[in-house]
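**Q**
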Amino acid sequence: MRPIVRAALAGLLACSALPAAAAEHAFTLHNNLTKPITSFKVKGGDVSGFKTIAPGARITFTVTVPGSDCAAAVSARVGDARRDGRVNLCDKGGYVLTPAEGGTKFLPLSQVMLVR
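Note that this note's numbering has the sequence shown beginning at 32, numbered continuously upward.
1. Take K174 as the anchor and find which of R113, T59, V109 has the nearest alpha-carbon.
2. Taking C101 as the reference, which of G133, K82, C121, R114 has the closest Cα?
3. Mind checking A52: buried by the 16 CB within 10 Å criterion, or exposed?
4. Use the C-beta contact count for A112: other C-beta atoms within 10 angstroms, 16 or more gives buried, fewer gives exposed.
5. Rounded to whole angstroms, what's the CA-CA distance from E132 to H61? Just pull it up for me.
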């Protein structure tokens, strides 16, 4: 094999071994339930800065996912139950975990009127 071809192949192999760049998102979650949200996970990603969210409270924490994709599968622990959903991490308005027809849902805060 020619040296130039060998060098090009070696370069391609080295680049393919590098991990994809990660994207950090500030994610706001409001708890519209009667029980605290005790954990939050993102499929294939990491969560930092999360603390238990009391009923009626909201916090902002950091979610890191590989690549630049905004759509993510998430889950939250509420009492003994796990609530799953899909969110857009690039939505700067945040999300609310709220009772909804058909079960608890993650909804964009912009679509929910919170009444106290």
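Heads up, the beta-carbon is just placed ideally off N, CA and C, and yes, glycines get one too. Computed from a predicted structure; not experimentally measured.
**A** So, from the listed chains and residues:
1. The question about residue 174 has no answer here: the residues shown for the chain are numbered 32 through 147.
2. Counting from one through the sequence shown, the residue named residue 101 turns up at place 70. Ranking the options by Cα distance to C101, first place goes to C121.
3. Numbered from 1 along the sequence shown, position 21 holds the residue referred to as residue 52. So A52 counts as exposed.
4. The residue labelled residue 112 in the question sits at position 81 within the sequence shown. Its Cβ having fewer than 16 others within 10 Å, A112 is exposed.
5. The residue given as residue 132 occupies position 101 in the sequence shown. The residue given as residue 61 occupies position 30 in the sequence shown. Approximately 18 Å between the Cα atoms of the pair.
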